[in-house]
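Colleague:
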Amino acid sequence: MSAAMNQYLIPVEPYYYPSGNEVALFKAAYGLRMPMMLKGPTGCGKTRFVEYMAWKLGRPLITIACNEDMTASDLVGRYLLDASGTVWHDGPLTTAVRHGAICYLDEVVEARQDTTVIIHPLTDARRILPLEKKGEVLHAHPDFQLVVSYNPGYQSMTKDLKQSTKQRFGAIDFHYPDGGHEAEIVKHEARVDVETARTLVGIAHKSRALKGRGLEEGISTRMLIYAGALIRDGVAAVDACRLAMTRPITDDEALYKALDGFIEAHFA
Amino acid sequence: MSNLARISSKPADWSIQRAVGDRLGDVAAKEIGLRLDRIAEQSGFHVAEQLDQALPRIIHKDGVGQHFRDLLDLLEELPALGRGEAAGLAGSLGYLAEHLDVPGLRRWTVTGLRAYGQHPAKLLAYFRLDDPLAARSLAHEQANVRFATLHNFLQYYVDGLLGDHLGLSSRGQGALHGPPLRSVVTEGGLFLPEGYSVLDGADGSALYRAAAAHAVAHLKFSPQKLSTAGLKPMLLAVIALIEDARVEYLMMRKLPGLRVLWNRFHKASADADNLSFAGLSSRLALALHDPDREDDNYWVNKGARLFREQLVEPGDYAAFRRIASILANDLGQMRVRFIAESYMPAPAYRDDNSFLWDYGESQNPPPQQEPLQLDTARMERDENEQQTGGGNAGQAPPASVSPLQIQVRFEYPEWDYQSAVERDAWTTVIEQPLAAKAAMSPASPVSAPQSHRNLFSMIKARQLSRSTKLTRQWEGEELDLNAAVAARVDMRSGLPPDPRVFKRPGRRLIESAILVLLDISESTNDCLPGRFESLLDAIKSATLNLGTAMDQAKQRFAIHAFCSNGRQEVSYYRIKDFDETFGAVEQTRVRALRGSCSTRMGAALRHAQAMLAEQPLERKILLLVTDGEPSDVDVGDANYLIEDTARTVRVIHGEGTIPFCLTVDKKAERYVAHIFGDRYLLLDNPQDLVTQLSHVFVRLLSR
Chain R
30 MSAAMNQYLI PVEPYYYPSG NEVALFKAAY GLRMPMMLKG PTGCGKTRFV
80 EYMAWKLGRP LITIACNEDM TASDLVGRYL LDASGTVWHD GPLTTAVRHG
130 AICYLDEVVE ARQDTTVIIH PLTDARRILP LEKKGEVLHA HPDFQLVVSY
180 NPGYQSMTKD LKQSTKQRFG AIDFHYPDGG HEAEIVKHEA RVDVETARTL
230 VGIAHKSRAL KGRGLEEGIS TRMLIYAGAL IRDGVAAVDA CRLAMTRPIT
280 DDEALYKALD GFIEAHFA
Chain B
4 MSNLARISSK PADWSIQRAV GDRLGDVAAK EIGLRLDRIA EQSGFHVAEQ
54 LDQALPRIIH KDGVGQHFRD LLDLLEELPA LGRGEAAGLA GSLGYLAEHL
104 DVPGLRRWTV TGLRAYGQHP AKLLAYFRLD DPLAARSLAH EQANVRFATL
154 HNFLQYYVDG LLGDHLGLSS RGQGALHGPP LRSVVTEGGL FLPEGYSVLD
204 GADGSALYRA AAAHAVAHLK FSPQKLSTAG LKPMLLAVIA LIEDARVEYL
254 MMRKLPGLRV LWNRFHKASA DADNLSFAGL SSRLALALHD PDREDDNYWV
304 NKGARLFREQ LVEPGDYAAF RRIASILAND LGQMRVRFIA ESYMPAPAYR
354 DDNSFLWDYG ESQNPPPQQE PLQLDTARME RDENEQQTGG GNAGQAPPAS
404 VSPLQIQVRF EYPEWDYQSA VERDAWTTVI EQPLAAKAAM SPASPVSAPQ
454 SHRNLFSMIK ARQLSRSTKL TRQWEGEELD LNAAVAARVD MRSGLPPDPR
504 VFKRPGRRLI ESAILVLLDI SESTNDCLPG RFESLLDAIK SATLNLGTAM
554 DQAKQRFAIH AFCSNGRQEV SYYRIKDFDE TFGAVEQTRV RALRGSCSTR
604 MGAALRHAQA MLAEQPLERK ILLLVTDGEP SDVDVGDANY LIEDTARTVR
654 VIHGEGTIPF CLTVDKKAER YVAHIFGDRY LLLDNPQDLV TQLSHVFVRL
704 LSR
């Protein structure tokens, strides 16, 4: 592995609490270098899981947050001008393919469909990345794997992956961990006592009951960790919950009043 | 009879009649005069005269709409007060009506009666605004913390606490002298008071939260509909009191914050140091709720001790019921009287406990009154519509369509899932003719589409995305010559050039055709909970709002509606076609829609798709607005039409049209996902229809 790739290695074990057999499944998929799709609501631990697996497999991890304005060149690379002429610069995807990293496209539906099709030749038996502008066909490093994440509930009306893209991936479903596990995660990550963690999880459960009835998504595990950390640092519990949980999630006054009601009900 | 004679001889006896006559016509003016006559007879001429002077100010402020009628109804109840009190109230009416709306005014009056019902002098001072409570109550009502303003919030709160959907409605105070309002819990919904009085608690919003949380506690932990046979009213009340404390205890184990919330209302009601049933029971309620509370009454302490000892096993309902029997027995021996008619559980956030009992046929649970009120309201409205010519022949149910008018018939297949056969030409869609322009009643002014401009600019903004070429890009299909020259210049001068020398096309403007298909089956005539407006009214105003906005945005759209009466008669109304503008005629057609018959969705969707398919535009959207599952008179199997609709939707989608369903059926989850996949939105509150419909559009168009 080249020295430049060292910066993409995960140095210490990221905290990850498995909620099922996803670690074993992912390991098996990596054995086949099968492209993987991680589906699940925002803030439920998809990115953390990829980091954990990259660490466990000892592979560098290159993460790309997808957005609507991202073009194929942003992934593959481009010629840039300098004083002496043109110079080719590899994009993050090309770097991963060349050096055998795990390439993680976060929120892949956010990218435009004409961008996502460039991953097609990489994600079937060919495992090649044609660099059209450079006139090079790059054969993937044997350790390279492509992982994408995708939130089926979020804006699923307006954005969706093409079937031809979807069918190239294996998929693992992620959900918010069940109550006990989630409290354990919040306790560990936010370093709060288990009682506080359980209370935060209780509030989140109430909010998740409102999904599809006003809320697009319930309160995520990530938000609970933020709130927990604020409480640990001495912020009053109710204020911390408002700041980290109810205010960011909605602008609808009736909704956040209801969410505040859940906070009120949970804290003695 | 004598009244009538007097009115006809002196038609403008009261000055209010002149003020109203111009706006409501002579009939209404006469009615108001008649009512004032009656008040004059029963409460004194002086009272009626004062009212006569106050009313024009109210009309000036609020107009002569529903609230004015409500006010007159309230005045009808004045004779229930004494003559002096009625005069006192009449004198303050002008001032009060300037600060309160009619429901608030009524609650203000009721608050006075509840506080000072036994003290005529104090009551008079209250009505004359000389009592401090009068000012507090006025401020409380002005704050406008009511069910109507909190509805959305409470809906979310209850759904979240319960983890499931529960319908919420309001209930109003019946007679002026009636017992205080309590919420009513049923399995199908929760009825909350339309407003709490200042006597119930100063913080109205917290009181509603407390009431909602208490109701959820019952729904989660209480046994329901136990037989009351052989149980004395006092025993029922004590059992319910113990049960209230038990379910609250169970609820507080998970949600400790509720202790503080509920506790706020206990203090207020347990201060009374009396030995009546109401006094003792509210003291017991507080002692059960607050373990640190010491009471000096032996019975209260005994109840609290027994209750606390049993809390090691809070799930054992029977054991708590035994405690209640012991306590009720003690009360009997203490000769404490129990008056069932006036007793209401304290504190105010608790419900009337009818949830617990099955009274048999002797007593009706209270909420049944409300649908009756709504029905009469609807009948009145229907009459009004007929008077104004709203119910037009063009939109009348199929049965009354004149045979002379031309109907166009179309036949469509239908899917029979049980035999897995598509039956050819199984349904007949009949395009009902719309009335000619001349027959239309003149358009009433557009009903204030306030979100109009907003929506209009939203749709515009989404469509006018970057349709021109983008210059100075990192890459693109062609060189941006200006940028390229500048870059060469930089390079010649030895400066680092700006590498963004390309042009690329921005996003293309995609043209869409939208067909809005309205379900106008009979059930859309049902009134929205707590409102004098039917679902169809809400659909109409949303459609008008949206149609005008889309018309202004030059969006290509059509509005159609359907209802069905068996497979041979699926009526289809083309209210606005793609090639028509959304002008006065089309708007009148929307207003004139009337709900009738059933919902055979599949056939109507097929017909809509046939028309949409002819549109030459790139993207087609079929939006169905409905209130329930597909059903028809000639179909017994509930799944039959659901399966047919699901198949139709798949076909439509396969043909490149995007189907989307907006439904207000709270139980729709069972079937709507099966039919529409993830392309649906479930509306909990139909009053949101206008906003939600526009949001759906913006989302569909921005795709």
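Listed in order, the protein sequences are those of chains R and B. Quick note on the working numbering: the first sequence kicks off at 30 and runs consecutively. Quick note on the working numbering: the second sequence kicks off at 4 and runs consecutively. All C-beta atoms in this analysis are idealised placements derived from N, C-alpha and C, irrespective of residue type, glycine included.
Have a look at the DSSP bridge pairing and note the partners of B:His-217.
Modeller: Counting from 1 along the second sequence, the entry for residue 217 of chain B is found at position 214. Beta-bridge pairing links B:His-217 to no other residue.
Colleague: Can you list, in chain order, the residues of the segment 469–498 of chain B whose Cβ is nearer than 7 angstroms to any Cβ on chain R?
Modeller: So the list reads Trp-477, Glu-478, Ala-490, Met-494 and Gly-497, given in the order they occur along the chain.
Colleague: Between the Cα of B:Val-161 and those of R:Cys-95, R:Asp-268 and R:Leu-239, spot the shortest distance and give me the residue it belongs to.
Modeller: Within the second sequence, residue 161 of chain B is the residue found at index 158, counting from 1. Nearest option by C-alpha distance: R:Leu-239.
Colleague: Would you say the segment 191–206 of chain B touches the segment 223–234 of chain B, given that touching needs at least three Cβ pairs under 8 angstroms?
Modeller: Taking 8 angstroms as the limit for Cβ pairs, the verdict is that the segment 223–234 of chain B does not touch the segment 191–206 of chain B.
Colleague: For B:Thr-231, name the three-state secondary structure that DSSP assigns.
Modeller: On the second sequence, position 228 is the one that residue 231 of chain B refers to. The answer is coil: DSSP assigns B:Thr-231 none of H, G, I, E or B.
Colleague: Whole angstroms is fine: what's the gap from B:Ala-216's alpha carbon to B:Ala-205's?
Modeller: As a working mapping, residue 216 of chain B is identified with position 213 in the second sequence. As a working mapping, residue 205 of chain B is identified with position 202 in the second sequence. For B:Ala-216 and B:Ala-205, the distance between alpha carbons rounds to 18 angstroms.
Colleague: For the segment 242–267 of chain B, list every residue whose C-beta sits within 8 angstroms of some C-beta in chain R, in sequence order.
Modeller: Hits within the stretch, in order: Lys-257, Leu-258, Pro-259, Gly-260, Leu-261, Arg-262, Val-263 and Leu-264.
Colleague: Tell me R:Ala-117's beta-bridge partners as DSSP assigns them.
Modeller: Along the first sequence, one-based indexing puts residue 117 of chain R at 88. Before going on, a small fix: residue 117 of chain R reads as Trp here, not Ala. R:Tyr-108, per the DSSP bridge assignment.
Colleague: Taking R:Leu-239 as the query, report the chain B residues whose CB atoms sit under 7 angstroms from its CB, ordered along the chain.
Modeller: As a first step, residue 239 of chain R is located in the first sequence; it is residue number 210 there, counting from the start. What R:Leu-239 touches in chain B: Tyr-159, Asp-162 and Gly-163.
Colleague: Alpha carbon to alpha carbon, how far is B:Pro-183 from B:Arg-117?
Modeller: On the second sequence, residue 183 of chain B is found 180 positions in, with the first residue counted as 1. On the second sequence, residue 117 of chain B is found 114 positions in, with the first residue counted as 1. Using only the alpha carbons, I get a separation of about 8 angstroms.
Colleague: For R:Phe-173, would you say it is in contact with chain B, using Cβ-to-Cβ distances shorter than 8 angstroms as the test?
Modeller: As a first step, residue 173 of chain R must be located in the first sequence, where it is residue number 144. R:Phe-173 does not count as touching chain B.
Colleague: Taking only the alpha-carbon atoms, compute the straight-line gap between B:Trp-79 and B:Asp-40 and give it to the nearest angstrom.
Modeller: Position 76 of the second sequence, counting from 1, holds the residue named residue 79 of chain B. Position 37 of the second sequence, counting from 1, holds the residue named residue 40 of chain B. According to the sequence provided, residue 79 of chain B is Glu. The question's Trp does not apply to it. Taking the straight line joining both Cα atoms gives about 11 angstroms.
Colleague: Starting from the N-terminal side, write out each stretch of the beta strand (DSSP E) that is 3 residues or longer and does not extend beyond the segment 610–683 of chain B.
Modeller: Here the runs fully enclosed are 622–629 and 660–666.
Colleague: Measuring CA to CA, which of B:Leu-283, B:Thr-527 and B:Glu-525 is closest to B:Arg-338?
Modeller: As a first step, residue 338 of chain B must be located in the second sequence, where it is residue number 335. Nearest C-alpha to B:Arg-338: B:Leu-283.
Colleague: Can you tell me which of the three DSSP states B:Met-337 falls into?
Modeller: Sequence index remark: in the second sequence, residue 337 of chain B carries index 334 (1-based). Note: B:Met-337 maps to coil in three-state DSSP.
Colleague: Where does R:Val-126 land, buried or exposed, given buried means 16+ other C-beta within 10 angstroms?
Modeller: Here residue 126 of chain R corresponds to residue number 97 of the first sequence, with the count starting at 1. Buried: at least 16 other Cβ atoms inside 10 Å.
Colleague: Please look up how many angstroms separate the CB atoms of R:Ile-232 and R:Ile-248, rounded, as I've assumed it's under 8 angstroms.
Modeller: Translated into positions along the first sequence, residue 232 of chain R becomes position 203. Translated into positions along the first sequence, residue 248 of chain R becomes position 219. Going by Cβ atoms, the distance from R:Ile-232 to R:Ile-248 rounds to 7 angstroms, so yes, they are a contact pair.
Colleague: Would you mind telling me which residues of chain B sit closer than 8 angstroms to R:Lys-68, beta carbon to beta carbon, in chain order?
Modeller: Locating residue 68 of chain R in the first sequence gives position 39, where the first residue counts as 1. Ordered by position in chain B, no residue passes the 8 angstroms Cβ test against R:Lys-68, which lies about 13 angstroms from the chain.
Colleague: Since I believe R:Arg-242 is in contact with B:Asp-134 (beta carbons under 8 angstroms), could you give me their beta-carbon distance rounded to a whole number of angstroms?
Modeller: By 1-based counting over the second sequence, the position of residue 134 of chain B is 131. By 1-based counting over the first sequence, the position of residue 242 of chain R is 213. Contact doesn't hold; Cβ gap of about 44 angstroms is too wide.
Colleague: Express the C-alpha separation of R:Lys-163 and R:Pro-150 in angstroms, rounding to a whole number.
Modeller: Here residue 150 of chain R corresponds to residue number 121 of the first sequence, with the count starting at 1. Here residue 163 of chain R corresponds to residue number 134 of the first sequence, with the count starting at 1. For R:Pro-150 and R:Lys-163, the distance between alpha carbons rounds to 17 angstroms.
Colleague: Leaving out the 5 sequence neighbours to the left and right, which residues in its chain are closer than 7 angstroms to R:Ala-32 when beta-carbon positions are compared?
Modeller: For the purposes of this step, residue 32 of chain R is taken as the residue at position 3 of the first sequence. Nothing meets the Cβ criterion.
Colleague: Rounding to the nearest angstrom, what Cα-Cα distance links B:Gly-120 and B:Arg-109 in this structure?
Modeller: Sequence index remark: in the second sequence, residue 120 of chain B carries index 117 (1-based). Sequence index remark: in the second sequence, residue 109 of chain B carries index 106 (1-based). If I take the Cα positions, the gap works out to 15 angstroms.
Colleague: Please confirm whether B:Val-504 and B:Ala-516 have their CB atoms less than 8 angstroms apart.
Modeller: As a position in the second sequence, residue 504 of chain B is number 501, starting the count at 1. As a position in the second sequence, residue 516 of chain B is number 513, starting the count at 1. No.
Colleague: Just the chain R side, please: which residues come within less than 7 angstroms of B:Phe-156 by C-beta, in chain order?
Modeller: Residue 156 of chain B sits at position 153 when you count from the first residue of the second sequence. Ala-283, Lys-286 and Ala-287, listed in chain order.
Colleague: Going by DSSP, which residues form a beta bridge with B:Lys-472?
Modeller: For the purposes of this step, residue 472 of chain B is taken as residue 469 along the second sequence, with counting starting at 1. According to DSSP, which records beta bridges pairwise, B:Lys-472 is partnered with B:Pro-508.
Colleague: Pairing CB atoms from the segment 565–574 of chain B with CB atoms from the segment 413–432 of chain B, are three or more of them under 8 angstroms?
Modeller: Cβ pair count under 8 angstroms is three or more, so yes.
Colleague: I'd like to know whether the C-beta of B:Gly-87 is nearer than 8 angstroms to at least one C-beta of chain R.
Modeller: As a first step, residue 87 of chain B is located in the second sequence; it is residue number 84 there, counting from the start. Answer no: the Cβ-Cβ gap between B:Gly-87 and chain R never drops below 8 angstroms.
Colleague: Any heavy atom of the ligand NAP closer than 7 angstroms to the Cβ of R:Met-99?
Modeller: In terms of ligand content, the structure shown is empty, and the ligand NAP therefore cannot be addressed.
Colleague: On the criterion of 16 or more Cβ atoms from any shown chain inside 10 Å, does B:Thr-584 qualify as buried, or is it exposed?
Modeller: Sequence index remark: in the second sequence, residue 584 of chain B carries index 581 (1-based). Flag for B:Thr-584 reads exposed.
Colleague: Between B:Leu-626 and B:Ile-523, which are expected to be in contact by the criterion C-beta below 8 angstroms, what is the C-beta distance as a whole number of angstroms?
Modeller: For the purposes of this step, residue 626 of chain B is taken as residue 623 along the second sequence, with counting starting at 1. For the purposes of this step, residue 523 of chain B is taken as residue 520 along the second sequence, with counting starting at 1. B:Leu-626 to B:Ile-523, Cβ: 15 angstroms. No contact.
Colleague: So, for B:Pro-59: in the same chain, excluding its five sequence neighbours on each side, which residues have a beta-carbon less than 8 angstroms away from its beta-carbon?
Modeller: Taking the first residue of the second sequence as 1, we reach residue 59 of chain B at position 56. The answer, listed in chain order, is Ser-18, Ile-19 and Ala-22.
Colleague: In chain order, which continuous runs of the beta strand (DSSP E) of length 3 or greater are located wholly inside the segment 178–212 of chain R?
Modeller: DSSP runs (the beta strand (DSSP E)) wholly in the segment 178–212 of chain R: 199–202.
Colleague: What ranges does the alpha helix (DSSP H) occupy inside the segment 141–195 of chain B, keeping only unbroken runs of at least 4 residues that lie completely in it?
Modeller: For the segment 141–195 of chain B, whole alpha helix (DSSP H) runs of length 4 or above, ordered along the chain, are 150–165.
Colleague: Tell me, to the nearest whole angstrom, how far the beta carbon of R:Phe-198 is from that of R:Met-66; I am working on the premise that it is less than 8 angstroms.
Modeller: Walking along the first sequence from the start, residue 198 of chain R turns up at place 169. Walking along the first sequence from the start, residue 66 of chain R turns up at place 37. Confirmed, about 4 angstroms.
Colleague: In the structure shown, what three-state DSSP assignment does R:Gln-174 receive?
Modeller: Translated into the one-based positions of the first sequence, residue 174 of chain R becomes position 145. The answer is strand: DSSP assigns R:Gln-174 an E or B state.
Colleague: Keeping to the same chain, check which residues put their C-beta closer than 6 angstroms to that of B:Asn-387; ignore five residues upstream and five downstream.
Modeller: As a position in the second sequence, residue 387 of chain B is number 384, starting the count at 1. Interpretation of B:Asn-387 is limited by its pLDDT of 41, a score under 50 that renders its predicted location unreliable; the figure taken from the coordinates is listed afterwards. For B:Asn-387, where only same-chain residues beyond five positions count, there are no Cβ hits under 6 angstroms.
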